[in-house]
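> The listed protein sequences correspond, in order, to chains S and C. Residues 1 to 172 in my numbering are what the first sequence lists, from first letter to last. Residues 173 to 457 in my numbering are what the second sequence lists, from first letter to last. Even for Gly, the Cβ is constructed at its ideal location relative to N, Cα and C. No experiment lies behind these values; they were computed from the predicted model shown. Just passing along the structure, written as structure tokens.
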Amino acid sequence: MTDCQVCQLIQAKSLTIFEDEHVVAFVHPEPSVPGQIAVAPKPHSPIFETIPDVIVKQMFTVANKLSIGVFEAVGAQGTNLLIQNGLPAGQAKPHSLISIIPRRDGDSLNLEWQPGKVSEDDSKKAESALKDAAQNIGKVEKEKPKPLEEKKPEKMDIQDSDYRMKQLRRIP
Amino acid sequence: MSPEELKEFQKKQCIFCRMVAGEIPSKKVYEDDKVFAILDINPASAGHVLLLPKDHYPILQQMPDDLVAHLGLISKGFSQAFLQVLKVEGSTIFAASGASAGQRAQHVMLHLIPRKENDGIGINPPSRPMQPQDLQKVCQALKPFADQIMGVKKDDQKREAPQAPAPSEQGEAPAAQPTQPATAKPTGSVGPITPSSLPKRVAPSSIIIPKGMEVSQRSRSLEGHVFPGSEDVVVVKASPGPRKRKKPIKKAQGQEPSEDRSGKPRQEKEAGSSLDDITSFLTRR
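Here it is as structure tokens:
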């Protein structure tokens, strides 16, 4: 944990611009463009897939909201949200993060890609494989948030001054 | 042309909206009530997926938070599927807002690209390390904007937070009618929740429109309200106003709760706005 540069940055708080219980947003220490922001989960998560669903949700909302500020703060004309997940994708830190990259016309940053040479066969294989796998995507997503929602009323009921609880206690 | 008409017009022109509607054939791989995933026609690699919201939004920043969160979740699911099914070693998740960022289509989309070693796809922005003092300057420039924007978020979180003190809330909600600008904390962390920092309880049917977003003429004619801690406009729809329940509760309850409740109708008469009706209705429940 202590070896992770991102975890150290999160603890140091020197570059933090926003923080809540799940995520931290900080100024990227090695930006491609000045003003680049990184949104990271607080628990150490080496790859994007290891981040719990609740935190993934929060990361995306925070990243999207902060990207609104970038337009005014550094005079950006556009933004990129980028997750580089895994070494082949160019992930530089052993802690998964979303980069918010402020963009301007002629900023000499090239994030475009050339369409790859993908054969019909590969494409069809990928399509059918993903279709099968995608049925689970929805399931995982629906099952996980539910326990959290169920916890909420429990906590509410503990309130002693809640008149509904008083009535419940009277019954036995 | 009103914003709603304009949106409708854009929707008709947008090829992705027509793909969602099934008017144009597409290689659909996933669909639920909010989002739609298809294979890119010019893929960077086999299995390159475009993840789109079903509703038409030109840029990501205009989308509601829960939809953005949902896009994130689904992209995580696809990223997992890439690793498991396509046997790749990584993935790139990429979104562009604005032409300078490389956005081409007028419909929000996330590119989910399976990645392999030395696939030559790129999308790897070079890192240009900056001096610590320069980084601090950037941090200070960004912070006020971040605080301003996330102030809204903080309120949202607190409204969802279950540990909100229920008793004080009952008395507080209708009383603190004028806005108390939430003091932006330096780190933006969510500290202990105090009644004064709680947002007004608004009806579930109300719409919160962020500052600067287009509001249609029709919505404007409805009740407008400033949301505490932000400059958001809360448009409240018709109030339910169920006054029947007031008397039975008074009879049933003897002590503390009745104090709260007896205080409320008085304020209700004073203010009499529909927001008051709704807040008192909610707290009474």
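Below 7 Å on C-beta distance, what does C:Cys311 contact in chain S?
Leu15, Ile17 and Val27
> Counting only Cβ pairs nearer than 8 Å, list the residues of chain C close to S:Gly69.
Leu314, Phe317, Ala318, Gln320 and Ile321
> Is the Cβ of C:Phe181 closer than 8 Å to any Cβ of chain S?
no
> Mapping the DSSP letters down to three states, classify S:Ala235 as helix, strand or coil.
Outside the displayed span of chain S (1 to 172) sits residue 235 of chain S, for which this structure offers no information.
> Please report the distance separating the alpha-carbon of S:Ile100 from that of S:Ala40.
11 Å
> At what residue ranges does the region 28–86 of chain S contain a whole run of the beta strand (DSSP E), taking only runs of 3 or more?
Whole beta strand (DSSP E) segments, 3+ residues: 37–41 and 78–85.
> Is it buried or exposed, C:Met173, if we count other Cβ atoms within 10 angstroms and call 16 or more buried?
exposed
> Does C:Val221 have its Cβ less than 8 Å from a Cβ in chain S?
yes
> Let me confirm a value: C:Glu286 is counted as buried when at least 16 other C-beta atoms fall within 10 Å, else exposed. Which label applies?
Per the sequence presented here, residue 286 of chain C reads as Pro, with Glu not at that position. Result: buried.
> Closest Cβ-Cβ distance between C:Asp291 and chain S: below 8 Å?
yes
> Less than 8 Å between the CB atoms is what I'm expecting for C:Lys296 and S:Gln84, so what's the real figure, rounded?
For clarity, residue 296 of chain C is Asn in the given sequence; the question names Lys instead. Going by Cβ atoms, the distance from C:Asn296 to S:Gln84 rounds to 7 Å, so yes, they are a contact pair.
> Taking the alpha carbon of S:Pro29 as the point to measure from, which residue in C:Leu258, C:Ser299 and C:Lys315 has its own alpha carbon closest?
C:Ser299
> Distance cutoff 8 Å, beta carbons only. Does S:Glu120 sit that close to anything in chain C?
Closer than 8 Å: no.
> S:Gln8 CB to nearest chain C CB: under 8 Å?
No, because no Cβ of chain C sits closer than 8 Å to the Cβ of S:Gln8.
> Answer with buried or exposed for C:Pro371, where buried requires no fewer than 16 other C-beta atoms within 10 angstroms of its C-beta.
Low confidence applies here, because C:Pro371 scores a pLDDT of 41, under 50, leaving its location unreliable; read the following figure in that light. It is buried - the Cβ of C:Pro371 has at least 16 other Cβ atoms within 10 Å.
> Do you know whose CA, among C:Cys189, C:Lys315, C:Ile187 and C:Ile231, lies nearest C:Ala268's CA?
Measuring from the Cα of C:Ala268, the nearest candidate turns out to be C:Ile231.
> What are the start and end residues of the beta strand (DSSP E) that includes C:Leu224?
Val221 to Pro225
> Counting only Cβ pairs nearer than 8 Å, list the residues of chain C close to S:Pro43.
Under the 8 Å cutoff, chain C gives no residues; its nearest Cβ is about 15 Å from S:Pro43.
> Just reading off the beta strand (DSSP E) that C:Gly262 is part of, what are its end residues?
Gly262 to Ser269
> Run through DSSP, which three-state label would C:Ser299 get?
coil
> The beta strand (DSSP E) with C:Arg287 in it runs from where to where?
Its beta strand (DSSP E) spans residues Leu282 to Arg287.
> When you compare each of S:Phe26, S:Gln11, S:Arg103 and S:Val6 to C:Cys311 by their alpha carbons, which one comes out closest?
S:Phe26
> Nearest by alpha-carbon distance to S:Ile55: which of S:Glu72, S:Lys117 and S:Ile98 is it?
S:Ile98
> Under a CB-based cut-off of 8 Å, is C:Gln252 close to chain S?
yes
> Are the C-beta atoms of C:Lys248 and some chain S residue less than 8 Å apart?
Yes, because at least one Cβ of chain S sits closer than 8 Å to the Cβ of C:Lys248.
> Run the CB neighbour count on S:Ser128, radius 10 Å, all protein chains shown included, and call it buried at 16 or more, exposed below.
exposed
> Can you pull the chain S residues whose beta carbon is under 7 Å from the beta carbon of C:Tyr229, in chain order?
Within chain S, no C-beta atom comes less than 7 Å from the C-beta of C:Tyr229; the nearest is roughly 11 Å away.
> Comparing the C-beta of C:Asn225 with each C-beta of chain S, is any distance below 8 Å?
Note that residue 225 of chain C corresponds to Pro in the displayed sequence, not to Asn. No - not a single Cβ of chain S is within 8 Å of the one on C:Pro225.
> On the three-state DSSP scale, how would you describe C:Leu211?
strand
> What separation, rounded to the nearest whole angstrom, lies between the Cα atoms of C:Gly360 and C:Ile321?
In this prediction, C:Gly360 has a pLDDT of 37, which is less than 50 and means its spatial position is unreliable; nothing more can be read from the coordinates.
> Measuring straight from C-alpha to C-alpha, what distance separates C:Phe208 and S:Ser123?
18 Å
> Could you pull out every residue in the same chain whose Cβ sits closer than 7 Å to the Cβ of S:His44, ignoring the five residues on either side in sequence?
Met1, Cys4, Cys7 and His95
> What's the C-alpha gap between C:Gln425 and C:Asp237?
Model confidence at C:Gln425 stands at a pLDDT of 48, short of 50, so the residue's coordinates are unreliable; what they give is reported in the following sentence. So the two alpha carbons sit approximately 40 Å from each other.
> What span of residues does the alpha helix (DSSP H) with C:Arg125 cover, start to end?
No answer is possible for residue 125 of chain C: it lies beyond the span of chain C, which begins at 173 and ends at 457.
> Is the shortest distance between the beta-carbon of S:Ile100 and the beta-carbons of chain C less than 8 Å?
no
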